[in-house]
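Notes follow once the structure below has been shown.
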Amino acid sequence: ARAIFDTNFFGILRMTRAVLPHMRRQGGGRIINIGSVLGFLPMPYGALYAATKHAIEGYSESLDHELRTRGIRVSVVEPAYTRTPFDANFLEPDARLDEYREARAAVTERIKAVMATADRPGVVAEVVLKAASAAQPKLRYTAGGLASRLQLLRRFAPASLVDAGIRRDLRLDAATAGGAA
284 ARAIFDTNFF GILRMTRAVL PHMRRQGGGR IINIGSVLGF LPMPYGALYA
334 ATKHAIEGYS ESLDHELRTR GIRVSVVEPA YTRTPFDANF LEPDARLDEY
384 REARAAVTER IKAVMATADR PGVVAEVVLK AASAAQPKLR YTAGGLASRL
434 QLLRRFAPAS LVDAGIRRDL RLDAATAGGA A
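Those letters in the sequence shown? Residues 284 to 464, per my numbering, in order.
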C-alpha cells in the first residue's frame, strides 16, 4: 500500500511542492496531474490503485481552488485503459486471500484482454497538451472515448446501473458463482 501511494500520490505532492515556489514567483503556471477513470469509478480488486487516484482527484480539485487566484491552474487528466506495462501490478493485493483467488484471476484475465485494444499512450499525451495550452483550462479532462463515456455514465446513470455494468463487464458474478474462474 505504501509503495503505490508513494508513487501515485505522494510523488505528485512532492513535485507540486517543488514547482509551486517558482510558479508563485512568475505569477502563474499549470499543474497537470495524471489521474484515472478509477478515481471516480473504482473497480474491484484494484482498491489501492483506485484509492490513490481518488486522492489525486481530491487533491487536484482542492489545490485548483487554492491556487487559482495566483494565476496557477491545476488540472487532472483521466484516462481509461491505456497500453502501458502498469497493468502487471495493478491487481496485486496488499495481502493475498485465497478465497478471492479465482475471482481476482478472472478479472485479471479480462483486463489483459481489454488492454490489448486499449488507447495508445499518445491519446493521453494529446490531452495533456490540450490541458497545458488551453486558454481557459478545465479542472478535469478525460482521455479517450471510453474515459469520456465512463465519465458520462458515472455522472448521469443511476448507481445501480453503473454497478451492474461493472459486474457484467468484468464478469464478476460468473467468476464467483460456484467457484468458477
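In this text, a Cβ means the ideal position worked out from N, Cα and C, and glycines have one as well.
In this text the structure is predicted, and so the values were computed from the model without any measurement.
With 16 other CB atoms within 10 Å as the buried threshold, where does Ala389 fall? buried
Provide the residue(s) that pair with Asn316 in DSSP beta bridges, ordered along the chain. Val359
What do you reckon, are the CB atoms on Gly354 and Gly310 nearer than 8 Å? yes
Label Asn291 either buried or exposed according to how many other C-beta atoms from any shown protein chain fall within 10 Å of its C-beta, with 16 as the threshold for buried. buried
Closest residue to Val397 among Arg454, Ala334, Val359 (Cα-Cα distance): Arg454
For Thr290, which of helix, strand or coil comes out of DSSP? helix
Using the three-state DSSP reduction, which class does Ser401 fall into: helix, strand or coil? It is worth fixing the name first, because residue 401 is Ala in this sequence and not Ser. Three-state DSSP puts Ala401 in coil, outside helix and strand.
In terms of residues, what are the limits of the alpha helix (DSSP H) holding Thr425? Note, Thr425: premise wrong, no alpha helix (DSSP H); beta strand (DSSP E) at 423-426.
Would you give the residue range spanned by the alpha helix (DSSP H) that Arg451 belongs to? 442-452
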